[in-house]
Amino acid sequence: MRFERGRRHTVRFTLNGKAVEGEAEPRMLLVDFLRHGLGFTGTHVGCEHGVCGACTIQIDGAPARACLTYALQVEGQELRTVEGLAGQDGALSPLQAAFRRHHALQCGFCTPGILMTMDAWLAENPNPTEAAVREALSGTICRCTGYTQIVAAVMDVARQGDADA
Ligand code: FES
Ligand code: FES
């Protein structure tokens, strides 16, 4: 498909299990489309350069920076944001519950990105070492916690063997 600058194009994808459709200009970032176009503001915007990890969502099950992805690129794909982590009844996912138990957030700005990153990572790495968890977290910046409680929460979920993932 050829995208014309300034012209809006239709994009369709699945978001947290539901089909969505919207219109976006070719250079509209996915994170802006999610937040301003669809009202899913749980995904945060920090650096807008792929560095901080605050905008991380899952695309087809893999973590992805929504600030480095154009909205029109996700045609036909399955997206999951932090709003899709809890169950239908509102019950927190195992990782969310562990974050609460371990006080793994302070301001919460980094939290959606870290949850989406580590939720996907735990699905691939169900029995991690603490060093591996720290390595996996290294692409996501938290200014508040010092990471200790975040690592404890992730290790707790891994020990329980119920990564939502
Ligand atoms: S806002 Fe996307 S990585 Fe920082
Ligand atoms: S809890 Fe504030 S940036 Fe992580």
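Each residue of the sequence shown is one higher than the one before, starting from 284 at the first, in this note's numbering.
All residues carry an ideal CB built from backbone N, CA and C; glycine is no exception.
If you're wondering where the values come from, they're calculated on a predicted model, not measured in any experiment.
| query | result |
| --- | --- |
| Any non-hydrogen atom of ligand 2 closer than 7 Å to Arg426 Cβ | yes |
| Endpoints, beta strand (DSSP E) assigned at Gly305 | Lys301 to Ala307 |
| For Thr428, the nearest candidate out of Arg290, Pro346, Glu413 and Ile397 (CA to CA) | Ile397 |
| Sub-8 Å separation of Thr293 and Glu306 beta-carbons | yes |
| Inter-residue spacing [alpha-carbon to alpha-carbon] between Phe331 and Glu366 | The question names Phe, but residue 331 is Glu in the sequence shown. Those two C-alpha atoms are separated by around 21 Å. |
| Cβ shell of Thr352 (< 6 Å), same chain only, five flanking positions each side left out | Leu313 |
| Among Thr412, Ile433, Ser421 and Ala302, the one whose alpha carbon lies nearest that of Gly333 | Ser421 |
| Per DSSP, the bridge partner or partners of Gln341 | Pro346 and Arg363 |
| Three-state secondary structure (DSSP) of Thr326 | coil |
| Closest Cα partner of Asn299 within the set Cys425, Gln389, Phe316 and Arg363 | Arg363 |
| Phe382 beta carbon near ligand 2 (any heavy atom closer than 7 Å) | no |
| Distance between Glu287 and Met438 (C-alpha atoms, nearest Å) | 47 Å |
| Neighbour-count burial assignment, Gly336, 16 or more Cβ in a 10 Å radius | buried |
| Spatially closest choice to Thr423 from Asn410, Pro395, Thr412 and Glu308, by CA coordinates | Pro395 |
| Spatial distance of Ala387 from Met311 (CA atoms) | 32 Å |
| Span of the beta strand (DSSP E), counted from its first residue to its last, around Leu298 | His292 to Leu298 |
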